[in-house]
Structures are given as structure tokens and as C-alpha cells.
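Student:
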Amino acid sequence: DFGSLALYVARLNRLLARWAQANHAYKLAEAAGAACGDRVLMLRGRLGVGAVLRGQGNLPASREIASAVIAEADDPELRPIQAGAYADLGVVYMLMERRIDALVAMYEAFLRTIDPVQRMRVLGDLGIGLADVGAVDTARLAFGIVAESSSSALLRMNARLELMALDAVAGNRVAFEQHRQAAREFAGQMPPSMACDYRFKAGRGLAAFGQSGRAQALLKEGLA
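What the sequence shown shows, in the working numbering, is residues 1 to 224, in sequence order.
1. Hey, how far is the Cα of A139 from the Cα of L166?
2. Taking its Cβ as the centre, do 16 or more other Cβ atoms sit within 10 Å of A187, making it buried, or is it exposed?
3. What are the start and end residues of the alpha helix (DSSP H) that includes G222?
4. Who are the near neighbours of L59 in its chain, counting only those whose CB is closer than 7 Å to its CB and skipping five residues on each side?
5. What would DSSP say about V146, mapped onto helix, strand or coil?
6. Determine the closest residue to L218 out of R199, L161, V69, with distance taken between C-alpha atoms.
7. For G188, does the three-state DSSP call read helix, strand or coil?
8. What separation, rounded to the nearest whole angstrom, lies between the Cα atoms of E77 and M157?
9. Could you compute how far the alpha carbon of A83 sits from the alpha carbon of A109?
10. Return the CA-CA distance between A153 and M194, expressed in angstroms with no decimal places.
11. Could you give the residue range of the alpha helix (DSSP H) that holds G127?
12. Going by C-alpha to C-alpha distance, which of R119, F176, V9 sits closest to R160?
13. For S151, which of helix, strand or coil comes out of DSSP?
14. On a CA-only basis, which of D125, D88, G210, A147 is nearest A68? Give me that one, please.
Here is the structure:
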């Protein structure tokens, strides 16, 4: 019970970018799993530490943890853990701009993911990877599935932010504004990373449509 609670506390702090607190809680969860022989709990805690490192910008260390967990979770009973590790590895590769490696890792994660909500999370990441390599129509399909799914509100909104960015590039002002309005209404519920991402994508979109003053104001908010 303690380990499960530690994971919950860790994830909440990570979403709020409280890195030290999140890292401490993830390590407690890993230790609790080791103490009671729960490999799932132990490996989830270890993956969480890797996610914190990724959030802090230490991509090589985060990649090392994800790769190690993939190897250790090579067991049918640990398939969900291996799926999560592949998903984390995909995000790391994406941030390292190793786009093909990212797509391969995220696809491996998608194949192994069973939980419906987590499956939508992986599909959203896969959509980002597809957009990065120019497969825009396929990426748009992936984001559309997530946005219309019954998964968490955060996942659906994240997909809409990605669609907003694609519509800005495509020059579709109407669709861009529809997504931007939905995001504005949801802004109070966004964790810091999403709030920044929203302002970045909206600011770039407004600039593309000639609204430089409004774009600059949003980008400054994102910096803050």
C-alpha cells in the first residue's frame, strides 16, 4: 500500500514539475517494491526516476534506465512494465531528435500496451513522432482518435494542442481557433508543462497568422 501511494505522490509532483519531491517518492516506491518482492512496483518506481531525469533534461541517464527496465521486464507477466519502458524510451529519443528510433520504440510500446488510457497516451506520442517525420495525415488520425476517446481530459487536451499546431502549419485558421478556444477554457486545469506547451503552440500559430503582438504576449507567458 505504501509503494502504491508513493507512486501516486510521485506522479502528482512530477506533473507539477516538483522534481526533487517526485524523485524522492519514486525511489521510495522502488525500495518498497524491492522490500516486499513486488517487481512491478519496483520497476515502476525505477521508471519514474527515469521520467524525472528526462524532465530535468538528463536524457542519457533517462535512456539508460528505460533500456535497463526493458531488458529486465522481458517476462510475459511484466508486459505492461516493458510497454511503459518502451514508451519512455520513445519520448527520450524524440527529445534527442532521433526520430526513427523514437517511432520504433513507441510502436513497440503500442503493441504491448493493454490499459486503454495508457494506450491512448502512447498513441498520442506516436502521433508526435509521425508528425516529426512528415507523416502529417497519419499523425492527424492518431491525434483525432485520442481527442475523441474516453481517456483522461489531459490526454484529450494534449491531442488537441497537437492538432492546433498542425492546423497552424496547414493554414487552417478556423480549426486552429477552435482548438485554441478549447485550450483557453481548459487552461486552469493544465499542469505547468502543458500550460507552457499550449502557449508555445498558440503563440507560434498566431504569429503564422500575422498576429505578432498576441503571439509575443503568449510566448512571454510561456517563458514565465
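Virtual Cβ for every residue (Gly too), placed ideally from N, Cα, C.
Tutor: The relevant details are as follows:
1. Position 139 of the sequence shown holds residue 139. Position 166 of the sequence shown holds residue 166. Their backbone Cα atoms lie some 9 Å apart in a straight line.
2. As a working mapping, residue 187 is identified with position 187 in the sequence shown. With fewer than 16 Cβ atoms within 10 Å of its Cβ, A187 is classed as exposed.
3. Along the sequence shown, one-based indexing puts residue 222 at 222. Element bounds for G222: 212-223.
4. For this step, residue 59 is matched to residue 59 along the sequence shown. Contacts found: V92, L95, M96.
5. Position 146 of the sequence shown, counted from the first residue, corresponds to residue 146. V146: helix per DSSP, three-state reduction.
6. Numbered from its first residue, the sequence shown carries residue 218 at position 218. Nearest C-alpha to L218: R199.
7. If you number the sequence shown from 1, residue 188 lands on position 188. Of the three classes helix, strand and coil, the one that applies to G188 here is helix, per DSSP.
8. Against the sequence shown, residue 77 aligns to sequence position 77. Against the sequence shown, residue 157 aligns to sequence position 157. Taking the straight line from one Cα to the other gives about 32 Å.
9. For the purposes of this step, residue 83 is taken as residue 83 along the sequence shown, with counting starting at 1. For the purposes of this step, residue 109 is taken as residue 109 along the sequence shown, with counting starting at 1. For A83 and A109, the distance between alpha carbons rounds to 4 Å.
10. Residue 153 sits at position 153 when you count from the first residue of the sequence shown. Residue 194 sits at position 194 when you count from the first residue of the sequence shown. Across the structure, A153 and M194 are spaced so that their CA atoms are roughly 12 Å apart.
11. Locating residue 127 in the sequence shown gives position 127, where the first residue counts as 1. Per DSSP, G127 belongs to the alpha helix (DSSP H) from 116-132.
12. As a working note, residue 160 is residue 160 in the sequence shown. R160 has its Cα closest to that of F176, out of R119, F176, V9.
13. Counting from one through the sequence shown, the residue named residue 151 turns up at place 151. Shown here, S151 sits in coil according to DSSP, grouped into three states, outside any helix or strand.
14. As a first step, residue 68 must be located in the sequence shown, where it is residue number 68. Of D125, D88, G210, A147, the residue nearest in Cα terms is D88.
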